[in-house]
Amino acid sequence: DAKTTQPPSMDCAEGRAANLPCNHSTISGNEYVYWYRQIHSQGPQYIIHGLKNNETNEMASLIITEDRKSSTLILPHATLRDTAVYYCIVRGSQGNLIFGKGTKLSVKP
Amino acid sequence: DVKVTQSSRYLVKRTGEKVFLECVQDMDHENMFWYRQDPGLGLRLIYFSYDVKMKEKGDIPEGYSVSREKKERFSLILESASTNQTSMYLCASILTGGSQPQHFGDGTRLSIL
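Order-wise, the sequence lines are chains A and B. According to our numbering, the residues represented by the first sequence are 1406 to 1514, in order. According to our numbering, the residues represented by the second sequence are 6 to 118, in order.
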C-alpha cells in the first residue's frame, strides 16, 4: 500500500493562502490522492481528491505534480476555523484509507 | 449530503462488559468500515464490510466482531471490553467502485474502566 509523507506542523496567517505539501512517491498509476482534515474530537472531514489533473472545489484546490509523486493542498484564504490536522491519503488494497500522522495547521490572527 | 451517524459520542463501560457501537448511513453505500484512532498511531482499520452479512478483518480485529444485518447499519462489538480498547472509534461508508471518498461519522470516544 502506498504511503504518504507530510510535515508535522505548519503555521499560516489568517487571510493568507495555506499550502500543505504531501509526498506519495510510491503511488501507483490508478490510485487517487485524498485530502481530509480533522478538527479535535470530530470525525475526519473530506476536502478534495484527484488523480492526475488539478482539482478545485468550494473548500480548496489540489495541485498534483506531473509525475504524481507529490501534491499540494491549497486553502486560498485561511481562517481560524481552518485550524486542524490535515491528512493526505491514498487508499489501501482493501479500499480502506491509510491515514498517516498528517500536518497540524495552525492559523493565527 | 451523506450522513454517517454513530449512536454515541461518549461512552464509558467497565472491563469485561460486552459493548456495542452502532453506525448508520443514509446513502445506500455498500461498503462500511470501522477504525480506531489513538494518539501517535493514526487511524487503524478494525473490520469492514462489502455488503449485508459480509465482513472482512482489517489490521487489528482481535477482541472485536461486527454485524451487518441491514445495508445501512454496521455494528462493532467488543466481546469482553478491556482497558486497552479505550479509544476513539470511527465509522465510515462509501459506494463500491470509482473514486468517491469515504464519509465518516463524528466518532465515539469509548472509555473502558
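Glycine residues also receive a C-beta, built at the ideal position from the N, C-alpha and C atoms.
Three-state class that DSSP yields for A:D1487 in the structure shown: It is helical.
Beta-ladder partner(s) of A:P1426, from DSSP: Answer is A:T1477.
Alpha-carbon to alpha-carbon, B:R114 and B:R73: C-alpha separation (whole angstroms): 22 Å.
Extent of the continuous beta strand (DSSP E) run through B:I117: Element bounds for B:I117: T113 to I117.
Buried or exposed (CB count within 10 angstroms, at least 16 for buried), B:G21: Exposed, by the Cβ-count rule.
Outcome for B:F127 when other beta-carbon atoms lying within 10 angstroms are tallied against a minimum of 16: Limits of chain B in this structure are 6 at one end and 118 at the other, which puts residue 127 of chain B out of reach.
Beta-ladder partner(s) of A:F1504, from DSSP: Paired residue(s): none; A:F1504 is not in a bridge.
Nonlocal neighbours in the same chain, by C-beta distance under 8 Å from B:T88, ignoring five residues either side: Correct list, in chain order: T20, I117 and L118.
Minimum Cβ-Cβ distance from A:H1454 to chain B less than 8 Å: Among the CB atoms of chain B, one or more fall inside 8 Å of the CB of A:H1454.
Euclidean distance between Cα positions of B:I99 and A:D1472: Distance from the CA atom of B:I99 to the CA atom of A:D1472, rounded to whole angstroms, is 28 Å.
Distance, B:K18 Cα to A:Y1491 Cα: Taking the straight line from one Cα to the other gives about 31 Å.
As assigned by DSSP and simplified to three states, the class of A:N1462: DSSP places A:N1462 in the coil class of the three-state scheme, outside both helix and strand.
Residues bridged to A:Y1492 [DSSP beta-bridge criterion]: According to DSSP, A:Y1492 bridges with A:Y1441.
A:A1465 classed as buried or exposed, judged by whether at least 16 other C-beta atoms fall within 10 angstroms: Its Cβ being crowded by 16 or more others within 10 Å, A:A1465 is buried.
Alpha-carbon spacing of B:W39 relative to B:Y52, whole angstroms: Rounded to whole angstroms, B:W39 to B:Y52 spans 5 Å at the Cα level.
Length of the line joining the Cα atoms of A:G1434 and B:K23: Taking the straight line joining both Cα atoms gives about 44 Å.
Proximal residues of chain A, C-beta to C-beta of B:L83 below 7 Å: Here the premise fails: no neighbours, minimum Cβ distance about 19 Å.
Distance between B:G68 and B:E84 (C-alpha atoms, nearest Å): The alpha-carbon atoms of B:E84 and B:G68 are separated by roughly 6 Å.
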